[in-house]
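Participant:
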Amino acid sequence: MAEGFAKTRGDKVFIFVNTSILILITAMVLYPLILVVSSSFSNPLQVMSGNVWLFPKEFTIQSYQMVFQDSSILIGYRNTLLYTVVGTLINLTMTIAAAYPLSRRDFVGRNLITAMFVFTMFFSGGLIPTYLVVKGLGLVDTFWVMVLPNAVAMYNIIIMRTYMQTSIPPELHEAAYVDGSTNIGVLWRIVLPLSKPILAVMVLFYGVAHWNAFFNALIYLSDRSHFPLQLILREILIQNQLSAQIMADVDSLSDRQMFAEGIKYAVIIVASVPVLIIYPFLQRYFVKGFMVGALKG
23 MAEGFAKTRG DKVFIFVNTS ILILITAMVL YPLILVVSSS FSNPLQVMSG NVWLFPKEFT
83 IQSYQMVFQD SSILIGYRNT LLYTVVGTLI NLTMTIAAAY PLSRRDFVGR NLITAMFVFT
143 MFFSGGLIPT YLVVKGLGLV DTFWVMVLPN AVAMYNIIIM RTYMQTSIPP ELHEAAYVDG
203 STNIGVLWRI VLPLSKPILA VMVLFYGVAH WNAFFNALIY LSDRSHFPLQ LILREILIQN
263 QLSAQIMADV DSLSDRQMFA EGIKYAVIIV ASVPVLIIYP FLQRYFVKGF MVGALKG
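Its first residue numbered 23, the sequence shown is counted upward by one per residue in my numbering.
As structure tokens, then:
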């Protein structure tokens with residue numbers, strides 16, 4: 023509300039109700055995260071007894087020490103980092119290669135090609151034909167099966183195409199051609215430097231998708247040395263399978279159950295930390311890049 027105007031009774035009621043709702047929603051979102059963090063730093067016995075509801079009880083980092091002793095978790099962490107970095111680079115390259123020509127009004131047939139791309143958003147071959155294609159290409163149980171089958175997302179192409187189309191004036195292209203630039207030169211020297219917000223959004227979208235990906239690994243991978251971290255977490259959290267390496271020094275069944283409870287919370291935090299670290303650096307580009315790219319379409 024602009025300064026200099028007196029707030030009416032209705033304005034004050036609206037601000038109070040709006041603020042109360044936002045505080046309630048924020049608490050609902052933050053509390054599960056705070057509970058998981060507190061539980062990961064608490065004595066597992068206190069967690070199982072239900073005594074941890076906000077702050078850690080009997081502070082300890084034993085769960086984290088046991089997590090980092092497990093080689094399968096470290097291998098999963100390494101694999102997920104590689105899948106995320108390599109996969110995001112491939113995604114960005116493919117998305118730019120598709121979005122840039124589709125954003126050019128002088129590109130003949132761009133509407134037909136866009137319609138064909140959009141068709142794939144609503145209709146696909148299904149799981150079995152996709153598996154047969156991936157198997158026929160020899161990708162099953164390899165590193166590349168985690169990055170190549172989802173090398174590009176049509177939804178993200180539309181967002182980037184719309185951003186380039188609406189935020190970069192065609193006159194800049196024409197001026198570059200007058201100066202003797204080529205199409206690749208225009209893309210590299212003009213379009214990409216002016217597209218930093220949407221590139222940051224794409225890095226966030228594709229990076230988070232790769233970091234959380236587990237379905238392709240579940241379908242195509244059987245070699246544990248290629249398992250991503252999310253598949254290791256699934257075994258620990260859902261199937262309750264902890265490696266013998268973690269439990270080597272734990273004798274009784276009750277102690278194993280107690281430590282398993284603490285390790286679950288520690289593993290969740292370990293898996294979430296990279297995304298929590300990178301998000302604040304990309305957040306300032308997120309609103310501008312996403313809103314300009316999506317809403318003007």
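The beta-carbon is built from N, C-alpha and C at its ideal position, and this holds for glycine as well. Nothing here was measured: the structure is a model prediction, and the numbers come from that model.
Roughly how many angstroms lie between the CA atoms of alanine 198 and valine 208, to the nearest whole one?
Facilitator: 7 Å
Participant: Do three or more CB pairs link the region 91-101 to the region 110-120 at distances below 8 Å?
Facilitator: no
Participant: Taking the alpha-carbon positions, what's the glycine 229 to lysine 34 distance?
Facilitator: 42 Å
Participant: Classify serine 61 as helix, strand or coil using the three-state DSSP reduction.
Facilitator: Three-state DSSP puts serine 61 in a helix.
Participant: For the candidate residues Arg183, Leu67, Ile241, Leu154, whose alpha-carbon lies nearest to that of glutamine 84?
Facilitator: Leu67
Participant: Need the endpoints of the alpha helix (DSSP H) that lysine 157 sits in, please.
Facilitator: Per DSSP, lysine 157 is one residue of the alpha helix (DSSP H) stretching across 149-158.
Participant: Does the region 165-180 come close enough to the region 237-257 to have 3 or more Cβ pairs within less than 8 Å?
Facilitator: yes
Participant: Under a three-way DSSP split, which group does lysine 218 fall into?
Facilitator: helix
Participant: Let me check understanding here. Comparing Cα to Cα, which of Ala49, Ser217, Tyr301, Thr164 lies closest to proline 191?
Facilitator: Ser217
Participant: Residues in its own chain within less than 6 Å of glutamine 187 by CB, not counting five upstream and five downstream?
Facilitator: Contacts found: Ser125.
Participant: Could you tell me the distance, in whole angstroms, from the CA atom of isoleucine 300 to the CA atom of isoleucine 180?
Facilitator: Taking C-alpha positions only, isoleucine 300 is separated from isoleucine 180 by approximately 24 Å.
Participant: Distance check for asparagine 205 and methionine 88, CA to CA, integer angstroms please.
Facilitator: 54 Å
Participant: Would the beta-carbon of isoleucine 97 fall within 8 Å of that of serine 247?
Facilitator: yes
Participant: If I follow the unbroken alpha helix (DSSP H) through histidine 195, where does it start and stop?
Facilitator: If you look at histidine 195, you'll find it in the alpha helix (DSSP H) that goes 192-200.
Participant: Could you have a look at aspartate 33 and say whether DSSP puts it in helix, strand or coil?
Facilitator: helix
Participant: Compute the Euclidean distance between the alpha carbons of proline 215 and tyrosine 185, then round it to the nearest angstrom.
Facilitator: 13 Å
Participant: Decide if leucine 226 is buried, meaning its Cβ has at least 16 other Cβ atoms within 10 Å, or exposed.
Facilitator: Under this definition leucine 226 is a buried residue.
Participant: Mind checking which residues open and close the alpha helix (DSSP H) that includes threonine 82?
Facilitator: Run containing threonine 82: none; DSSP gives neither H nor E here.
Participant: Quick check for students: name the residue ranges of the alpha helix (DSSP H) that lie wholly in the region 115-139, counting only runs of 4 or more.
Facilitator: none
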